[in-house]
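Engineer: In our numbering, the protein residues as written are 25 to 407.
Ideal placement from N, C-alpha and C gives every residue a C-beta, glycine not left out.
This is the structure I have questions about; it appears just below.
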């Protein structure tokens, strides 16, 4: 049995069946839909005409209130219009289809569901390149992230294609922050604290900083804080507000230390069963909406930070020396990330990383003199 034994298949099948009964309109172009175009039982019609409606189920782990879910629902509506109702996407937030974050790429590539949104960094066990833009202290701002995305995206699309998955669009979370129940002024204040992390890279950073990493999904954070199992949290403003962290923590340290980017993707078998006209319409919708989705990420950060402040949390920026110390601690993580890759993706990732670093003022490519020092741009004037 494959690792997909971790996915509750029976529950998933039941959820898909119920979703189909609930969401399929009476009559109308979608009422005759049977198994989806991504089914692996041979029932999909490879010669499907444009008059035959299809339905894709889209799995998202985020809460229904998340802007990522709102984006997905907007995309689904646009696809419905662009294909004259012939391709319908049923959005299933909250992980109700049973897909777990690190298993999403594998599940999608095996046709467990037609569409899914997943954080790229959570897939690095299957496709290491998907975590490159989440290296700690690599990206300073969303504008920097866009620059890196232009270099990285063609390689990401090829990597996903090798796993039988089609990339539709990518959307970032706001930058990540550190949350505490006490003021933190320097590295000594962090020593020995147990901090929630969410993936391999964030765990490595926390360990490098002298904290004790406790890796867990977001839904476990509040119970862990209530039980005293963790002292601090690493997450975005969006997630902190959704979890009402102010009930346990009162300090937001705007470290801006990493960015997480979600990938919206479709099973390639489902994709290829569409007509060329339908595929073109969906790609156009994704390209047209993605800039709006990135803008929404920026706007949501501001909205949720205001909520945190209104709830009594204090927002602080790390002092320049503190930030420089954290950046220096992060740099070896980049080398470890590359070293753990197989040779072919390692060479591709190294080339992309060095092109990005060379183009950024104040950043040295790996291997350049002084490249392991805190060689980020000056903190003067940074937000």
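(1) Pull up the DSSP beta-bridge partners for residue 237, would you.
(2) Cβ atoms of residue 135 and residue 144: under 8 angstroms apart, would you say?
(3) Are the CB atoms of residue 280 and residue 92 within a distance shorter than 8 angstroms?
(4) Helix or strand or just coil, what does DSSP make of residue 321?
(5) Opposite residue 190 in the DSSP bridges: which residues?
(6) With a threshold of 16 other CB atoms inside 10 Å of the CB of residue 347, please say whether the residue is buried or exposed.
(7) Going by DSSP, what residues sit across from residue 260 in a beta bridge?
(8) Under three-state DSSP, which class holds residue 277?
(9) Take the Cβ of residue 250 as the centre, count every other Cβ of all protein chains shown within 10 Å, and call the residue buried at 16 or more, exposed below.
(10) Can you look up residue 295 in the DSSP assignment and give me helix, strand or coil?
(11) Which ranges would you report for the beta strand (DSSP E) in the stretch 130-155 if only whole runs of at least 3 residues count?
(12) What did DSSP end up calling residue 113 once you bin it into helix, strand or coil?
(13) Hey, residue 214 and residue 372 are a contact pair by Cβ (cut 8 angstroms); roughly how many whole angstroms apart?
(14) Could you tell me if residue 342 is buried or exposed, where buried requires 16 or more neighbouring beta carbons within 10 angstroms of its beta carbon?
(15) Going by the CB atoms, is the gap between residue 289 and residue 176 shorter than 8 angstroms?
(16) Using only the alpha-carbon positions, how far apart do residue 141 and residue 84 sit?
(17) Which parts of the stretch 303-355 are runs of the beta strand (DSSP E), unbroken and 3 residues or longer, counting only runs that do not cross its ends?
(18) Given residue 406, which residues of its chain have a CB within under 6 angstroms of its CB, disregarding the five upstream and five downstream residues?
(19) Excluding the five sequence neighbours on either side, which residues of its own chain have a C-beta within less than 8 angstroms of the C-beta of residue 102, listed in chain order?
(20) Among 260, 235 and 364, whose alpha-carbon lies nearest the alpha-carbon of residue 242?
(21) Just mark residue 138 as buried or exposed, buried being the case when its beta carbon has 16 or more other beta carbons within 10 Å.
(22) Could you tell me the distance, in whole angstroms, from the CA atom of residue 106 to the CA atom of residue 334?
(23) Rounded to whole angstroms, what is the Cα-Cα separation between residue 112 and residue 199?
(24) In angstroms, rounded to a whole number, what distance separates the CA positions of residue 206 and residue 381?
(25) Roughly how far, in whole angstroms, is the beta-carbon of residue 169 from the beta-carbon of residue 283, given that I think they are within contact range, below 8 angstroms?
(26) Is the beta carbon of residue 340 closer than 8 angstroms to that of residue 273?
(27) Count the other CB atoms within 10 Å of the CB of residue 182; is the residue buried (16 or more) or exposed (fewer)?
(28) What does residue 285 pair with, by DSSP beta-bridge criteria?
(29) Can you give the Cα-Cα distance for residue 293 and residue 257, rounded to whole angstroms?
(30) Taking the C-alpha atoms as reference points, what is the distance between residue 375 and residue 248?
(31) Report the rounded CA-to-CA distance for residue 352 versus residue 148, giving the unit in angstroms.
(32) Whole angstroms is fine: what's the gap from residue 45's alpha carbon to residue 80's?
Structural biologist: Taking the coordinates as given:
(1) Against the chain shown, residue 237 aligns to sequence position 213. Bridge partners of residue 237: 219.
(2) Locating residue 144 in the chain shown gives position 120, where the first residue counts as 1. Locating residue 135 in the chain shown gives position 111, where the first residue counts as 1. Result no, Cβ atoms of residue 144 and residue 135 do not sit closer than 8 angstroms.
(3) The residue labelled residue 92 in the question sits at position 68 within the chain shown. The residue labelled residue 280 in the question sits at position 256 within the chain shown. No, the Cβ-Cβ distance between residue 92 and residue 280 is not below 8 angstroms.
(4) Sequence index remark: in the chain shown, residue 321 carries index 297 (1-based). If DSSP states are grouped into helix, strand and coil, residue 321 belongs with the helices.
(5) Reading the chain shown from its first residue, position 166 is the one you call residue 190. Residue 190 pairs with 290.
(6) Residue 347 sits at position 323 when you count from the first residue of the chain shown. Counting Cβ neighbours within 10 Å, residue 347 comes out buried, since at least 16 surround it.
(7) Position 236 of the chain shown, counting from 1, holds the residue named residue 260. In DSSP, residue 260 forms a bridge with 200.
(8) Here the question's residue 277 lines up with position 253 in the chain shown. In the structure shown, residue 277 sits in a strand (DSSP, three-state: E or B).
(9) In the chain shown, residue 250 corresponds to position 226, counting from 1. Flag for residue 250 reads exposed.
(10) Locating residue 295 in the chain shown gives position 271, counting from the first residue. Three-state DSSP puts residue 295 in a helix.
(11) 139-143
(12) As a position in the chain shown, residue 113 is number 89, starting the count at 1. In the structure shown, the three-state DSSP call for residue 113 is strand.
(13) If you number the chain shown from 1, residue 214 lands on position 190. If you number the chain shown from 1, residue 372 lands on position 348. Wrong, their Cβ atoms sit about 35 angstroms apart, outside the cutoff.
(14) Position 318 of the chain shown, counting from 1, holds the residue named residue 342. Residue 342 should be labelled buried.
(15) For the purposes of this step, residue 176 is taken as residue 152 along the chain shown, with counting starting at 1. For the purposes of this step, residue 289 is taken as residue 265 along the chain shown, with counting starting at 1. For residue 176 and residue 289, no; Cβs fall outside 8 angstroms.
(16) Residue numbering aside, residue 141 sits at position 117 when the chain shown is read from its first letter. Residue numbering aside, residue 84 sits at position 60 when the chain shown is read from its first letter. Going by the C-alpha atoms only, they are around 5 angstroms apart.
(17) Counting whole runs of 3 or more residues, the stretch 303-355 contains the beta strand (DSSP E) stretches 338-340.
(18) The sequence position of residue 406 within the chain shown is 382, counting from 1. Residue confidence is low: residue 406 scores 29 on pLDDT, short of 50, so the model does not pin down where it sits. Its coordinate-derived value is still stated next. So the list is empty, once near-sequence residues are dropped.
(19) Position 78 of the chain shown holds residue 102. These residues qualify, in order along the chain: 309, 312 and 313.
(20) Taking the first residue of the chain shown as 1, we reach residue 242 at position 218. Nearest option by C-alpha distance: 260.
(21) Numbered from 1 along the chain shown, position 114 holds the residue referred to as residue 138. The residue in question, residue 138, is buried, as its Cβ has 16 or more Cβ neighbours within 10 Å.
(22) Residue mapping note: residue 106 aligns to position 82 of the chain shown, counting from 1. Residue mapping note: residue 334 aligns to position 310 of the chain shown, counting from 1. If I take the Cα positions, the gap works out to 41 angstroms.
(23) On the chain shown, residue 112 is found 88 positions in, with the first residue counted as 1. On the chain shown, residue 199 is found 175 positions in, with the first residue counted as 1. The straight-line gap from Cα to Cα measures roughly 32 angstroms.
(24) Here residue 206 refers to the residue found at position 182 of the chain shown. Here residue 381 refers to the residue found at position 357 of the chain shown. Going from the Cα of residue 206 to the Cα of residue 381 covers about 35 angstroms.
(25) Within the chain shown, the letter at position 145 stands for residue 169. Within the chain shown, the letter at position 259 stands for residue 283. Right, the Cβ-Cβ distance comes to about 5 angstroms (below 8 angstroms), so this counts as a contact.
(26) Position 249 of the chain shown, counting from 1, holds the residue named residue 273. Position 316 of the chain shown, counting from 1, holds the residue named residue 340. No, the Cβ-Cβ distance between residue 273 and residue 340 is not below 8 angstroms.
(27) Position 158 of the chain shown, counted from the start, is the residue given in the question as residue 182. It counts as exposed.
(28) Indexing the chain shown from 1 puts residue 285 at position 261. For residue 285, which the question treats as bridged, DSSP gives the partners 196.
(29) As a first step, residue 293 is located in the chain shown; it is residue number 269 there, counting from the start. As a first step, residue 257 is located in the chain shown; it is residue number 233 there, counting from the start. So the two alpha carbons sit approximately 39 angstroms from each other.
(30) Numbered from its first residue, the chain shown carries residue 375 at position 351. Numbered from its first residue, the chain shown carries residue 248 at position 224. Looking at the two C-alpha atoms, the distance is approximately 40 angstroms.
(31) As a first step, residue 352 is located in the chain shown; it is residue number 328 there, counting from the start. As a first step, residue 148 is located in the chain shown; it is residue number 124 there, counting from the start. About 23 angstroms.
(32) Taking the chain shown and counting its residues from 1, the one referred to as residue 45 is at position 21. Taking the chain shown and counting its residues from 1, the one referred to as residue 80 is at position 56. Residue confidence is low: residue 45 scores 36 on pLDDT, short of 50, so the model does not pin down where it sits. Its coordinate-derived value is still stated next. Roughly 14 angstroms between the two C-alpha positions.
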